[in-house]
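Peer 1: Count along the sequence shown starting at 1, add 4, and that's the number in our numbering.
Think of the CB as a built atom: it goes at the ideal place given N, C-alpha and C, for glycine as much as any other residue.
My questions all concern the structure below.
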Amino acid sequence: KIIYLLLLTIFYQLLTITIYLVIILLTKQNITLNDFIKIIKEFISYTPPIYFIIFFTTFLSVIIKNSKLTITISTILLITSTSLSELFLSITWNFIEYTFLPYLDYTIFNNPQNITLINNIYHINLTQTNGIIILSTYSIIFLILSIIIFNRKDITN
């Protein structure tokens with residue numbers, strides 16, 4: 005199932021890039037090679053939250069074994085991640101920058117002034133690079149735990 009989810013995600017990303025490029029061509033906008041490379045880099049940089057949610061949901065499904073509850077928890081986490089991050093920062097839990105919560109919504113990095121303001125107010129270092137590293141680390145951890153727990157439960161049954 006994990007492989008299918010990953011392949012589906014990669015297919016979705018390629019489809020999105022293709023649609024975006026077709027729109028650019030249909031509107032007859034001039035696009036240079038540098039613009040194209042920038043678009044590809046931007047799409048790739050936005051993928052860590054997607055992969056994290058896939059692995060986190062897989063981890064939950066192995067533990068809970070209830071797909072509706074798993075998807076509900078994942079969706080609630082995704083929707084509330086920014087608010088939870090702001091709440092924890094407001095009560096000076098600065099370690100939040102080392103968790104996955106502030107990085108699940110990458111749109112916070114669309115406005116560099118806002119992210120600089122947040123970093124200065126709370127004395128933290130939220131960056132897209134840190135987000136990629138942290139989300140990738142948590143994704144690997146959740147994937148490994150999912151495999152270990154699944155194999156243990158599968159063998160005992």
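#1: Which residues in the same chain have their Cβ closer than 7 Å to the Cβ of residue 35, if we skip the five residues on either side of it in sequence?
#2: Write down the C-beta distance between residue 140 and residue 52 rounded to the nearest angstrom, noting that I regard them as a contact closer than 8 Å.
#3: Name the two residues that bound the continuous alpha helix (DSSP H) containing residue 116.
#4: Under a three-way DSSP split, which group does residue 22 fall into?
#5: Of all the CB atoms in chain B, is at least one closer than 8 Å to the CB of residue 115?
#6: Relative to the C-alpha of residue 100, which residue among 83, 116, 123 is closest?
#7: Counting Cβ pairs, one atom from each stretch, are 3 or more of them under 8 Å apart for the region 16-32 and the region 79-87?
#8: Taking the C-alpha atoms as reference points, what is the distance between residue 155 and residue 57?
#9: Judging by CA-CA distance, which residue of 66, 76, 130 is the nearest neighbour of residue 115?
#10: Could you have a look at residue 39 and say whether DSSP puts it in helix, strand or coil?
#11: Buried or exposed, going by whether 16 or more other CB atoms sit within 10 Å of the CB of residue 138?
#12: How many angstroms separate the CA atom of residue 117 from the CA atom of residue 92?
#13: Using a threshold of 8 Å, state whether the C-beta atoms of residue 16 and residue 43 are closer than that.
Peer 2: Reading from the atomic positions:
#1: Translated into positions along the sequence shown, residue 35 becomes position 31. For residue 35, where only same-chain residues beyond five positions count, the Cβ hits under 7 Å are 28.
#2: Looking up residue 140 in the sequence shown gives position 136. Looking up residue 52 in the sequence shown gives position 48. Contact flag correct, Cβ pair sits at about 6 Å.
#3: As a position in the sequence shown, residue 116 is number 112, starting the count at 1. Per DSSP, residue 116 belongs to the alpha helix (DSSP H) from 116-126.
#4: Position 18 of the sequence shown, counted from the first residue, corresponds to residue 22. It is helical.
#5: Among the chains of the structure shown, chain B does not appear; only one protein chain is present.
#6: Here the question's residue 100 lines up with position 96 in the sequence shown. It is 123 whose Cα lies nearest to the Cα of residue 100.
#7: no
#8: For the purposes of this step, residue 155 is taken as the residue at position 151 of the sequence shown. For the purposes of this step, residue 57 is taken as the residue at position 53 of the sequence shown. Their Cα atoms are separated by approximately 21 Å.
#9: Counting from 1 along the sequence shown, the entry for residue 115 is found at position 111. Answer by Cα proximity: 130.
#10: The residue labelled residue 39 in the question sits at position 35 within the sequence shown. The answer is helix: DSSP assigns residue 39 an H, G or I state.
#11: Sequence index remark: in the sequence shown, residue 138 carries index 134 (1-based). When all chains shown are included, residue 138 counts as buried.
#12: For the purposes of this step, residue 117 is taken as residue 113 along the sequence shown, with counting starting at 1. For the purposes of this step, residue 92 is taken as residue 88 along the sequence shown, with counting starting at 1. So the alpha carbons of these two residues sit roughly 21 Å apart.
#13: Here residue 16 is taken as the residue at index 12 of the sequence shown, counted from 1. Here residue 43 is taken as the residue at index 39 of the sequence shown, counted from 1. Against a cut-off of 8 Å, the Cβ pair of residue 43 and residue 16 comes out as no contact.
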